[in-house]
DNA sequence: ATAAAAATTTAGGTTTGTCTAAAAATAAAT
DNA sequence: ATTTATTTTTAGACAAACCTAAATTTTTAT
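Chains as they are written, first to last, in the numbering used here: chain W, 1 to 219; chain A, 1001 to 1219.
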């Protein structure tokens, strides 16, 4: 089935707001999408007719299984494009969101699969959010970004946010890899860079960008 | 000034149809855009109000200086994206047009300038059409139509006159593409068809219609 | 030069996605 | 348990971009 840009934005918003919550309210959607509640009601009727959501008047809304699939497809596109913008076009990770909001509506599936391959099948976007695969499978975020871990707490690297050669080169140079044990010694507020102590030995400094694509679990 | 997708498509269509012609007719736009003439008239009024075109009822339409600048901006985006798709994502040159039709409407100028740089400031798209620079400057096409080249003179295909899937399918079938070297062996007066020898090997026959949309440069 | 044909515009509708204002349903508070 | 407040829906409008049918203008052909 095909969807308009407006429909896609509603579907995505329901997905995001549903996180944790059981159902999503009209007002929440209205706030998220910057439209009036009355407009939301109209669209919910349309999406219900398309079986993308389950919705009863006054009772809130949920995505159907189909709706979840659609949402994950849009999120996949959004995050792959964000990765592209940061990794290939040298955008700052704080300036990619708006552009990706537009790019996520480009319809070609072939495009997105080829982009995915070109980028090296990245698993996480520049903000550390997991990128759904082409079947809509998404890694549950029980991992913690290195950039948000407590100081002086031993952790182990469990995932890296992409397979790009540039990232791998940098990791190799810093002596970091899957399973490396380390702890954060200090965070510099100026640029978000971190000082790490690896296995109680070497001390290395990593940038905010690098820290955000390193996922760790406590030991 | 900002433009809707529909407006951008009209502006681009006027630009393309104006090639050679002095003014563009409502019917020509209607055919190009697959809309009814009445719809074209509506949009022309809107674009006139925005000073993008000059237009008098029944007298046809021209782009204003401003309109030309907008058109070249859209064409720049279109062709850069086509280049990206072929050069980076390994699309076939015959399958990029539709996707680029969508991508050309992404609004960020920063995006397009960074993309341009990432691609190495390409001067021609995969079909051989010149890519306008960020100031709207475009290399003039001093190419010759295949149908008017001298017999037995080696030439190279540098551009094709349209991106229709029908044309691209035919070219693929005949073994012709960008950069193919060939020479015209014979012209048949009866139907204007040409016999070509490709790279001193295969001999293929092409119709007058096909020969008129293939552009070549002497070797 | 006038009639026929073709091109273009006008007039009046439709759909999509939005809005405002008013009504109805639900939730909260006394 | 009512009243009050909040949330949500309904009703009626509007702009964008399209449509059909009819009217008008321009072009072509007799």
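We treat Cβ as the ideally placed atom computed from N, Cα and C, and that holds for glycine.
The structure presented is a predicted model; accordingly, all values stated were derived computationally and were not measured.
Checklist entry - Grouping DSSP H, G and I as helix and E and B as strand, with all else coil, what is residue 57 of chain W? => result Coil, per DSSP.
Next on the checklist: Give me the DSSP bridge partner(s) of residue 159 of chain W.
Outcome noted: Its beta-bridge partners are W:215.
Item to check | DSSP bridge partner residues for residue 1198 of chain A (one or two, in chain order) | outcome: A:1182.
Item to check | Buried/exposed call for residue 162 of chain W, threshold 16 Cβ in 10 Å | outcome: The residue in question, residue 162 of chain W, is buried, as its Cβ has 16 or more Cβ neighbours within 10 Å.
Checklist entry - From which residue to which residue does the beta strand (DSSP E) around residue 204 of chain W run? => result Unbroken beta strand (DSSP E) run through residue 204 of chain W: 203 to 206.
Item to check | Same chain only: Cβ atoms within 7 Å of residue 1099 of chain A, ignoring 5 sequence neighbours per side | outcome: Around residue 1099 of chain A: 1085.
Checklist entry - Does the beta carbon of residue 1176 of chain A come closer than 8 Å to any beta carbon on chain W? => result It does not: the Cβ of residue 1176 of chain A has no partner Cβ on chain W nearer than 8 Å.
Checklist entry - For chain W, is any of its Cβ atoms less than 8 Å away from the one on residue 1131 of chain A? => result For residue 1131 of chain A, the answer is no, since every Cβ of chain W falls outside 8 Å of its Cβ.
Item to check | chain W contacts made by the segment 1063 to 1092 of chain A, where a contact means CB separation under 8 Å | outcome: For the segment 1063 to 1092 of chain A, which is checked against every Cβ of chain W, the residues closer than 8 Å are 1085, 1088, 1089, 1090, 1091.
Next on the checklist: I want to see whether chain A comes within less than 8 Å of residue 102 of chain W, judged by CB atoms only; does it?
Outcome noted: At least one chain A Cβ lies under 8 Å of residue 102 of chain W.
Checklist entry - Applying a beta-carbon distance threshold of less than 9 Å, which residues of chain W neighbour residue 1046 of chain A? => result Those do not exist, as residue 1046 of chain A stays about 21 Å from chain W at its closest Cβ, beyond 9 Å.
Item to check | Extent of the continuous alpha helix (DSSP H) to which residue 173 of chain W belongs | outcome: Counting along the chain, residue 173 of chain W sits inside the alpha helix (DSSP H) bounded by residues 165 to 174.
Next on the checklist: Based on DSSP bridge pairs, tell me the residues matched to residue 62 of chain W.
Outcome noted: The beta-bridge partner set that DSSP reports for residue 62 of chain W consists of W:54.
Next on the checklist: Measuring straight from C-alpha to C-alpha, what distance separates residue 23 of chain W and residue 71 of chain W?
Outcome noted: Note on geometry: alpha-carbon atoms of residue 23 of chain W and residue 71 of chain W lie some 16 Å from one another.
Next on the checklist: Could you tell me the alpha carbon to alpha carbon distance between residue 1172 of chain A and residue 1050 of chain A, rounded to whole angstroms?
Outcome noted: Straight-line measurement puts the Cα of residue 1050 of chain A at about 42 Å from the Cα of residue 1172 of chain A.
Checklist entry - Whole beta strand (DSSP E) runs in the segment 1055 to 1142 of chain A with 3 or more residues, listed along the chain? => result Taking 3 residues as the minimum length, the beta strand (DSSP E) runs contained wholly in the segment 1055 to 1142 of chain A are 1061 to 1063, in order along the chain.
Item to check | Same chain, Cβ closer than 8 Å to residue 1136 of chain A, neighbours up to 5 away in sequence not counted | outcome: Shown here for residue 1136 of chain A: same chain residues with a beta carbon closer than 8 Å to its own, the five before and five after excluded, namely 1068, 1069, 1072, 1073, 1076 in chain order.
Item to check | chain A residues whose Cβ lies nearer than 8 Å to that of residue 12 of chain W | outcome: Taking the beta carbon of residue 12 of chain W as reference, no residue of chain A falls within 8 Å; the closest one sits roughly 18 Å away.
Checklist entry - Going along the chain, which residues of its own chain have a beta-carbon closer than 8 Å to the beta-carbon of residue 212 of chain W, five neighbours each way excluded? => result Result list for residue 212 of chain W: 93, 126, 127, 128, 145, 146, 147, 161, in chain order.
Next on the checklist: Measuring alpha carbon to alpha carbon, tell me which residue in W:63, W:53, W:3, W:117 is nearest residue 80 of chain W.
Outcome noted: With distances taken between Cα atoms, residue 80 of chain W lies closest to W:117.
Item to check | Extent of the continuous alpha helix (DSSP H) run through residue 43 of chain W | outcome: In the DSSP assignment, residue 43 of chain W falls within the unbroken alpha helix (DSSP H) covering 37 to 49.
Next on the checklist: If you reduce the DSSP assignment to three classes, tell me which class residue 18 of chain W lands in.
Outcome noted: Three-state DSSP puts residue 18 of chain W in a helix.
Checklist entry - Which residues in the same chain as residue 43 of chain W place their Cβ atom closer than 6 Å to its Cβ, once the five residues preceding and following it in sequence are excluded? => result For residue 43 of chain W, the CB contacts under 6 Å within the same chain, skipping 5 residues up- and downstream, are 10 in chain order.
Checklist entry - Measuring CA to CA, which of A:1062, A:1186, A:1040, A:1176 is closest to residue 1015 of chain A? => result Cα-wise, what sits closest to residue 1015 of chain A is A:1062.
Checklist entry - Could you give the residue range of the alpha helix (DSSP H) that holds residue 26 of chain W? => result For residue 26 of chain W, the enclosing alpha helix (DSSP H) stretches over residues 26 to 33.
Checklist entry - How about residue 1175 of chain A and residue 1150 of chain A: do their beta carbons lie closer than 8 Å? => result Not in contact: residue 1175 of chain A and residue 1150 of chain A (Cβ atoms no closer than 8 Å).
Next on the checklist: Residues of the segment 1094 to 1119 of chain A in Cβ contact with chain W at a cutoff of 9 Å, in chain order, please.
Outcome noted: Sequence-ordered contacts of the segment 1094 to 1119 of chain A with chain W read 1095, 1098, 1099, 1102, 1103, 1105, 1106, 1107, 1108, 1110, 1111, 1114, 1115, 1117, 1118 [C-beta pairs closer than 9 Å].
Checklist entry - For residue 143 of chain W, which residues of its own chain have a beta-carbon under 8 Å away from its beta-carbon, when the five flanking residues on both sides are left out? => result Around residue 143 of chain W: 158, 159, 215, 216, 217.
Item to check | residue 82 of chain W, buried or exposed, once every other Cβ within 10 Å from all chains shown has been counted against 16 | outcome: Buried.
Checklist entry - Exposed or buried, residue 87 of chain W, counting other C-beta atoms within 10 Å across all chains shown (16 or more means buried)? => result By the C-beta density criterion, residue 87 of chain W is buried, having at least 16 other C-beta atoms within 10 angstroms.
Item to check | Residues near residue 123 of chain W in its chain [Cβ-Cβ closer than 7 Å; skip 5 each side] | outcome: The beta carbon of residue 123 of chain W lies closer than 7 Å to those of 130, 131, 139, 159, 161, 162 in the same chain, with the five residues before and after it left out.
Next on the checklist: Rounding to the nearest angstrom, what Cα-Cα distance links residue 26 of chain W and residue 3 of chain W in this structure?
Outcome noted: Just so you know, the alpha carbons of residue 26 of chain W and residue 3 of chain W end up roughly 20 Å apart.
Next on the checklist: Can you give me the C-alpha to C-alpha distance between residue 1028 of chain A and residue 5 of chain W, rounded to a whole angstrom?
Outcome noted: Each residue's Cα considered, the two are about 29 Å apart.
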